[in-house]
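Shown next, in C-alpha cells, is the structure this report addresses.
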Amino acid sequence: MSIKSKIESLLFIAAKPLAVSQLASLLRADKEEVSKAADELLADYKTGQAGTQIIKDGVRYQMVSAPVNAKVIQEFIKDETTGELTRPSLEALTIIAYRGPVSKIDLDRIRGVNCALILRNLLLRGLIEAKLDKKKNETYYTASFDFIRFLGLSRLGDLPDYERLHQDDSLDKMLGEENTIPLTPFVKGE
102 MSIKSKIESL
112 LFIAAKPLAV
122 SQLASLLRAD
132 KEEVSKAADE
142 LLADYKTGQA
152 GTQIIKDGVR
162 YQMVSAPVNA
172 KVIQEFIKDE
182 TTGELTRPSL
192 EALTIIAYRG
202 PVSKIDLDRI
212 RGVNCALILR
222 NLLLRGLIEA
232 KLDKKKNETY
242 YTASFDFIRF
252 LGLSRLGDLP
262 DYERLHQDDS
272 LDKMLGEENT
282 IPLTPFVKGE
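Letter by letter, the sequence shown follows residues 102 to 291 of our numbering.
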C-alpha cells in the first residue's frame, strides 16, 4: 500500500485535521515525503468530481465533503441528530457520563469497537463536550450541560450510583493492562 493511500485512509477516519508531523509519525516516514504525498493527494482530489475533497491549512490536511453536496449532507446530519439514540450510543454516553472525562482510546477499549461515529453523533446532538488536553495531545469527552439538563438533574453526581461507579477502579485497572480488549472492526450502525 502506498504512502498516499495510507494518508487518504487516515484523513478519512480522522475527526480533525492532521499535521504533517502527526502523519509522518503514524506512518514512520519522513516529513518531506509525507508532505509531498499529501499534496499529490490534494491535487488528485481537485481534478475529479468526487464527493469528498482534501483541504490544506498550512501544514494540516483534512478530508471534507464536497461543497456541491452540502444540501444532502445537511439533511443527513439533521436526520442523524433527531432520531432516537442507538444502543451503542447509549452505552457510550453512559460510560462518558459515569467515567468522564474519558478519551476516545479508552472508550474504544471499554466498548471493544471504534466509537468515532458515535462520538461524532453525540457531539452533534450536544450531549457530550470534547476538550483537548494539550499536554497529552488527546481529546477527552465529558457529558454536556444539555445532557444534565435533559435528564432533569442539577449535576452528574445526581445520577444513580454515580459516586460508586465514578470511583470504581476496575476499569482503570483494565485500561492499565496492555491489549486487554482487542478492538473489533467498525460495524455500520455502531
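From the three backbone atoms N, C-alpha and C, an ideal C-beta is built for every residue, glycine too.
Backbone secondary structure at V135 - three-state DSSP = helix
If we count the other Cβ atoms within 10 Å of its Cβ and call it buried at 16 or more, is M164 buried or exposed?
-> buried
Straight-line Cα distance separating K137 from D145 = 12 Å
Ordered along the chain, which non-local residues of its own chain (more than five positions away) have a Cβ less than 7 Å from that of E141?
-> K105
Work out the CA separation of G159 and A183 for me, nearest whole Å.
-> At residue 183 the sequence reads Thr, which differs from the Ala that was named. So the two alpha carbons sit approximately 36 Å from each other.
If you draw a straight line from the alpha carbon of R210 to that of E239, how long is it in whole angstroms?
-> Rounded to the nearest angstrom, the two C-alpha atoms are 15 Å apart.
Do S245 and E230 have their C-beta atoms closer together than 7 Å?
-> yes
Three-state secondary structure assigned by DSSP to E141 | helix
Nearest candidate by alpha-carbon position, reference L228, set I206, K236, K235 and L257 | Of the candidates I206, K236, K235 and L257, the one whose C-alpha sits nearest the C-alpha of L228 is L257.
State yes or no: is the C-beta of Y241 within less than 7 Å of the C-beta of P202?
-> yes
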